[in-house]
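If you're matching positions, the sequence shown starts at 121 in the numbering used here and goes up one per residue. Note that beta-carbon positions come from the ideal geometry of N, C-alpha and C, so glycine has one too.
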Amino acid sequence: NYETIGQDIDMTFFPEAAEFADGILYRCRNGINIIYFVAQDGTETELGEITGTDHFIADMTFDENTGIMYFLTNTFSPDASFLHILDMQTFELFEIGQINDGVIVTIELAGDGFIYGIDIAGDNIWKINKETASGDIVGSIGFDANFDQSLSYDTTTGTMYAALYEYEPVSMLGYAKFCQINLSSGDITIINDDYEFGYQICAFAVLPSQITSIKGIAHNNSVNIYPNPSKGVFNLNLQAFVKPCSVSITDITGKTIYKTFALSESEIQIDLSNQPKGIYNLKLITNNNHFSEKIIVQ
121 NYETIGQDID MTFFPEAAEF ADGILYRCRN GINIIYFVAQ DGTETELGEI TGTDHFIADM
181 TFDENTGIMY FLTNTFSPDA SFLHILDMQT FELFEIGQIN DGVIVTIELA GDGFIYGIDI
241 AGDNIWKINK ETASGDIVGS IGFDANFDQS LSYDTTTGTM YAALYEYEPV SMLGYAKFCQ
301 INLSSGDITI INDDYEFGYQ ICAFAVLPSQ ITSIKGIAHN NSVNIYPNPS KGVFNLNLQA
361 FVKPCSVSIT DITGKTIYKT FALSESEIQI DLSNQPKGIY NLKLITNNNH FSEKIIVQ
């Protein structure tokens with residue numbers, strides 16, 4: 121089951137890229153190579169243009185352990201699929217290497233450290249080394265997959281989910297399938313076959329089904345940050361947060377670009393309007409706990 125929270129009338133038929141990373145849902149629109157932040161109400165904020173390749177951007181996947189965002193691109197005539205790393209500060213792509221001579225349209229990093237993808241040229245599931253981009257076939261999809269497909273890994277349960285799209289050339293009809301994939305055998309278990317839905321799911325992301333509780337980390341509602349995203353000026357409501365505390369902001373490389381202290385203030389203002397557009401990490405630290413949140417300069 122699903123609920124519509126936003127609509128994009130300019131969405132293309134194949135493929136779209138989306139990923140949930142560090143509490144933020146990203147989306148990349150193909151053709152124009154623009155990366156966006158997507159809010160919970162479905163509204164989008166443009167973060168910047170992706171550079172570093174003339175390939176067709178197909179998908180992206182995030183490594184929570186290293187903080188690296190991987191991108192999948194394609195070329196056509198001849199067909200080929202490539203793996204890249206995205207600089208999250210400049211949005212420039214750096215190519216790792218070519219995966220295969222097919223058309224992999226979606227990728228997702230799994231708990232075993234490998235990236236998995238679906239190739240619609242051969243209707244196969246691929247296992248990809250994220251350091252070298254070399255890959256091997258682990259199984260067959262079992263039907264004629266066409267247009268866009270999508271994968272998302274549940275880190276809590278260790279389950280790879282797939283939103284697949286089967287195309288029947290005779291009837292010229294397509295059918296959406298929501299599935300689980302066994303990463304060892306490549307076997308697919310269909311959860312729901314919706315022949316009435318009839319649309320492809322271009323991209324989806326599974327949120328962790330459980331939130332790990334860590335002693336000493338403040339609840340997110342103890343600090344209110346607004347507006348976020350902003351043009352550079354952020355207001356921090358610290359009324360519910362223990363003080364005194366240090367306030368620091370780092371860029372995507374880990375460099376500290378801002379630091380101050382809140383002694384007894386219930387609200388402070390931070391001005392990052394002199395910083396480039398992008399995503400920054402805000403940290404508040406006391407003797408007993410700390411708070412961390414992503415903020416976006418647009």
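For residue i, does the three-state DSSP call read helix, strand or coil?
{"i": "S201", "result": "strand"}
{"i": "S254", "result": "coil"}
{"i": "S272", "result": "strand"}
{"i": "S260", "result": "strand"}
{"i": "S305", "result": "coil"}
{"i": "S386", "result": "coil"}
{"i": "S393", "result": "coil"}
{"i": "S430", "result": "Because the chain here runs from 121 to 418, residue 430 falls outside it and cannot be looked at."}
{"i": "S342", "result": "helix"}
{"i": "N355", "result": "strand"}
{"i": "D313", "result": "strand"}
{"i": "V225", "result": "strand"}
{"i": "A296", "result": "strand"}
{"i": "V158", "result": "strand"}
{"i": "K379", "result": "strand"}
{"i": "S291", "result": "coil"}
{"i": "K335", "result": "For K335, the predicted structure reports a pLDDT of 34, less than 50, and the residue's modelled location is therefore unreliable. A value from the coordinates is still provided. Coil."}
{"i": "V367", "result": "strand"}
{"i": "A230", "result": "coil"}
{"i": "A360", "result": "coil"}
Grab the span of the beta strand (DSSP E) containing residue i for me, first residue to last.
{"i": "M180", "result": "F176 to D183"}
{"i": "K403", "result": "G398 to I405"}
{"i": "E288", "result": "T279 to E288"}
{"i": "K375", "result": "It is not in any beta strand (DSSP E) - K375 carries neither H nor E in the DSSP assignment."}
{"i": "K247", "result": "N244 to I248"}
{"i": "Q218", "result": "L213 to N220"}
{"i": "N194", "result": "I188 to T195"}
{"i": "D239", "result": "I235 to D239"}
{"i": "F140", "result": "A137 to A141"}
{"i": "T165", "result": "E164 to E169"}
{"i": "I152", "result": "From DSSP, I152 is part of no beta strand (DSSP E); its letter is neither H nor E."}
Closer than 7 angstroms: is that where the CB of residue i sits relative to any heavy atom of the ligand ATP?
{"i": "G237", "result": "Looking at this structure, you won't find the ligand ATP or any other ligand, since it has none at all."}
Excluding the 5 residues preceding and the 5 following residue i in the sequence, name in chain order all residues of the same chain whose CB lies nearer than 6 angstroms to its CB.
{"i": "Y287", "result": "D264, N266 and G294"}
{"i": "I334", "result": "Summary for I334: the model assigns pLDDT 32, below 50, so the residue's position carries little reliability, and this model does not support an answer."}
{"i": "E164", "result": "Y156 and V158"}
{"i": "A338", "result": "Low confidence applies here, because A338 scores a pLDDT of 45, under 50, leaving its location unreliable; read the following figure in that light. Excluding sequence neighbours, A338 sits near N409 and F411."}
{"i": "T277", "result": "none"}
Given residue i, which residues of its chain have a CB within under 7 angstroms of its CB, disregarding the five upstream and five downstream residues?
{"i": "A382", "result": "L358, K363, P364, C365, V367 and I388"}
{"i": "I155", "result": "Y146, C148, L167, G168, I170 and F211"}
{"i": "H175", "result": "T193, N194, T195 and F202"}
{"i": "E84", "result": "The structure shown does not extend to residue 84, since the chain is modelled only from 121 to 418, so the question has no answer here."}
{"i": "I311", "result": "F298, C299 and Q300"}
What residues in its chain sit with their C-beta under 8 angstroms from that of residue i, if we drop five residues either side in the sequence?
{"i": "K379", "result": "S366, V367, S368 and I369"}
{"i": "D199", "result": "D221, G222, V223 and A241"}
{"i": "D256", "result": "W246 and K247"}
{"i": "D243", "result": "S260, I261, G262, F263, D264 and A265"}
{"i": "D307", "result": "G259 and I301"}
Is residue i buried or exposed, if buried means 16 or more other CB atoms sit within 10 Å of its CB?
{"i": "L203", "result": "buried"}
{"i": "D239", "result": "buried"}
{"i": "V417", "result": "buried"}
{"i": "F196", "result": "exposed"}
{"i": "G398", "result": "buried"}
{"i": "G237", "result": "buried"}
{"i": "T193", "result": "buried"}
{"i": "E139", "result": "buried"}
{"i": "T132", "result": "With a pLDDT of only 49 at T132, under the threshold of 50, the placement of this residue in the model should not be trusted; the figure read from the coordinates follows. So T132 counts as exposed."}
{"i": "K375", "result": "exposed"}
{"i": "S350", "result": "buried"}
{"i": "S272", "result": "buried"}
Is the stretch 386-402 in contact with the stretch 340-355, if contact means three or more CB pairs nearer than 8 angstroms? yes
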